[in-house]
Amino acid sequence: MKRKASLLLAVLLLLSFGGCDQQQAERPLPSQTEPRSPASAISSSPSRLSPSEAESEFLFPLHEPYGTGSGAMPDRVVWAHDPDSVEWDGNGWWWELEHFDEAVIQSMVRKSIASLGGADTAAEGWTALFIAHNASHGRGTTGYQHGEKIAIKANINGSGLNSDDASGKTEMSYTNPVLLKALLVSLVQDAGISPADITVYDVSRIFPDYMVEMCTQNSLNGIRFVGRNNSIADETVPIRWSYDVGGDINYLPTCVTEAAYMINLANLKGHSYGMTLCGKNHFGSYINSNRMRPPVAANLHGFLAGAKMDEYSPLVDFMANEHLGGKTMLYMLDAIICAPTEGASITEENSRWQQAPFNGDYTSSIFVSQDPVAIDSVGADFLANEPVIRSLHSGAEGYLHEAALVANAPSGTAYQNGNGQPMANLGVHEHWNNSTEKQYSRNLGDAEGIELILIER
Numbered sequence: 030m031k032r033k034a035s036l037l038l039a040v041l042l043l044l045s046f047g048g049c050d051q052q053q054a055e056r057p058l059p060s061q062t063e064p065r066s067p068a069s070a071i072s073s074s075p076s077r078l079s080p081s082e083a084e085s086e087f088l089f090p091l092h093e094p095y096g097t098g099s100g101a102m103p104d105r106v107v108w109a110h111d112p113d114s115v116e117w118d119g120n121g122w123w124w125e126l127e128h129f130d131e132a133v134i135q136s137m138v139r140k141s142i143a144s145l146g147g148a149d150t151a152a153e154g155w156t157a158l159f160i161a162h163n164a165s166h167g168r169g170t171t172g173y174q175h176g177e178k179i180a181i182k183a184n185i186n187g188s189g190l191n192s193d194d195a196s197g198k199t200e201m202s203y204t205n206p207v208l209l210k211a212l213l214v215s216l217v218q219d220a221g222i223s224p225a226d227i228t229v230y231d232v233s234r235i236f237p238d239y240m241v242e243m244c245t246q247n248s249l250n251g252i253r254f255v256g257r258n259n260s261i262a263d264e265t266v267p268i269r270w271s272y273d274v275g276g277d278i279n280y281l282p283t284c285v286t287e288a289a290y291m292i293n294l295a296n297l298k299g300h301s302y303g304m305t306l307c308g309k310n311h312f313g314s315y316i317n318s319n320r321m322r323p324p325v326a327a328n329l330h331g332f333l334a335g336a337k338m339d340e341y342s343p344l345v346d347f348m349a350n351e352h353l354g355g356k357t358m359l360y361m362l363d364a365i366i367c368a369p370t371e372g373a374s375i376t377e378e379n380s381r382w383q384q385a386p387f388n389g390d391y392t393s394s395i396f397v398s399q400d401p402v403a404i405d406s407v408g409a410d411f412l413a414n415e416p417v418i419r420s421l422h423s424g425a426e427g428y429l430h431e432a433a434l435v436a437n438a439p440s441g442t443a444y445q446n447g448n449g450q451p452m453a454n455l456g457v458h459e460h461w462n463n464s465t466e467k468q469y470s471r472n473l474g475d476a477e478g479i480e481l482i483l484i485e486r
């Protein structure tokens, strides 16, 4: 019934809007006004691996889809890939603006939002995404209302790591500045949201001055940035864990508790603890006694270092929290240039990927979804099949099993929403059929599971 309602919503939206300006070629998308047919991400003749082939190729064991998809087009993860988005020859800082084609990245964002909403244009896509989010969270079938606030969690981990330096001059990774601007432009110009109602935050780091300047000019004037230096804790809203983690009491920032919606803009990259995707992005979403390293004071690192299957994960609590995952209407992975780990210096050599379709080039991609489990599942598959990602281990996906099976989590943890409400579903988790074709259950014709849609130049 959930899928039928979502498809009906998409049909009604499409009937009420006009056409679109196609800026970028794409693989044909399934029709949004009739049952979706299998879509090919890489190959037109997808196949499943035999058990013996799967055992030799996969870090993570293959299994049937766990959980239920969510979003305007349930189960859908959209992947936009355009090699023209990056023009870096390895010289200079990786983040310098001249290394990226802003028009190409803007087109990638708009096409992704349209596809994720099952629509023809970004404006229609945003409408569908807001309506789907509200409908699934008991807020009726209305879309975004003027004056509602949106908080965007960026990943600024590599900037202002050990000091209050706001130059951004670091070889370590943080949110791509051009991608962030493209997202903000689409929110303002396509979704019609006032800049004064948008806040970009990471309360454990310092936003580079150049990033703030470029993202608050002209039509973006009024957008607010909140970092470690100007965040305010809402002491009426402590984070309540579903397990006794010990450590400090942790408070959400006021920019989060006052927001009606969240966007989780994470990075696709390896991590010394395995991987860092949308789930771990919220390590920069709370305030405690250690302003530079809040996860240390919160005693959370131990739950990720050497993580094993069937164990409690605080990442699931972030997904379930009513103010974090509960408000998130869009999940996005920045894969324009990917770092091998959170502490690595990004170089031309270690940021060129070998797997298809990159074939020795930059990843030049973004991923979007309304399903936090599905998008991190896709991200995990990409990371697990890239030789430069050395830190990944089999237990790194444990939180995805916990999240997808949250109503009966393998660890036995009774996950709640931070306000005493038990969680029944957070999203769907599975792995692709193989690293060449990159197909999931819905791509292969099944009724449930992830659907990966590729938009390419």
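Position in the sequence shown (from 1) plus 29 gives the number in my numbering. Beta carbons: idealized from backbone N, C-alpha and C, even for Gly.
The Cβ atoms of Ile316 and Pro282 sit closer than 8 Å to each other. Contact annotation: the stretch 237-255 does not touch the stretch 322-339, with fewer than three C-beta pairs closer than 8 Å. Annotated three-state conformation of Gly449 is coil, per DSSP. Per DSSP, Ser233 is not a residue of any alpha helix (DSSP H), being assigned neither H nor E. Under the three-state reduction of DSSP output, His300 falls in the strand class. A check of alpha carbon separations from Val457 across Ala425, Thr171, Ser99, Thr370 identifies Ser99 as the nearest.
Residue pairing of Asn293 in beta bridges, as defined by DSSP: Lys182, Tyr360. Ile160 is positioned such that its CB atom lies no closer than 8 Å to that of Ile227. Proximity of the stretch 350-364 to the stretch 398-417 meets the contact definition, three or more beta-carbon pairs being nearer than 8 Å. Between the stretch 210-219 and the stretch 270-277 there are fewer than three inter-stretch CB-CB distances shorter than 8 Å, so the stretches are not counted as touching. In the DSSP assignment, Phe396 forms a beta bridge with Trp108, Leu362. With fewer than 16 neighbouring CB atoms inside 10 Å of its own CB, Pro416 falls in the exposed class. It is roughly 42 Å from the alpha-carbon of Phe332 to the alpha-carbon of Asp149. The stretch 132-142 makes no contact with the stretch 426-438: fewer than 3 CB pairs, one atom from each, lie closer than 8 Å. Residue environment analysis places His92 among the exposed positions, since fewer than 16 neighbouring C-beta atoms fall within 10 angstroms of its C-beta. Thr465 and Asp263 have their C-alpha atoms spaced approximately 47 Å apart. Look at Arg253 here: in three-state DSSP terms it is strand. Going by C-alpha positions, Met243 is about 15 Å away from Val255.
Thr156 carries a helical assignment under DSSP once its states are collapsed to helix, strand and coil.
Counting only the Cα atoms, Asn414 lies some 13 Å from Pro90. If the five residues before and after His311 are omitted, its C-beta is found closer than 6 Å to the C-beta atoms of Phe347, Leu353, all from its own chain and listed in chain order.
The stretch 169-189 makes contact with the stretch 285-299, as at least three CB pairs between them are under 8 Å. For Glu426, there is no enclosing alpha helix (DSSP H), since its DSSP letter is neither H nor E.
In its chain, beyond the 5 residues on either side, Ser114, Val115, Phe129, Ile134, Asn205, Val207, Leu208, Tyr391, Thr392, Ser393, Ser394, Ile395 have a beta carbon closer than 8 Å to the beta carbon of Ile365. Counting along the chain, the unbroken alpha helix (DSSP H) around Ala327 starts and ends at 323-327.
Taken through DSSP and simplified to helix, strand or coil, Val457 comes out as coil.
Leu281: member of the beta strand (DSSP E) spanning 280-282, first to last residue. DSSP, reduced to helix, strand and coil, places Leu481 within a strand of the structure shown. Measuring C-alpha to C-alpha distances from Gln468 to each of Leu434, Gly275, Gly96, Arg105 identifies Arg105 as the nearest. Ser192 places its beta carbon 8 Å or farther from that of Tyr341.
When secondary structure is reduced to three states using DSSP, Thr265 falls in the strand class.
By a beta-carbon distance limit of 8 Å, Gly303 does not contact Ser406. Their separation comes to about 14 Å.
Residue Ser374 holds the alpha-carbon nearest to the alpha-carbon of Glu200 among Ser374, Ala476, Glu153. Per the DSSP secondary-structure output, Thr442 pairs with nothing in a beta bridge. Counting every other CB atom within 10 Å of its CB across the protein chains shown gives Glu377 a total below 16, marking it as exposed.
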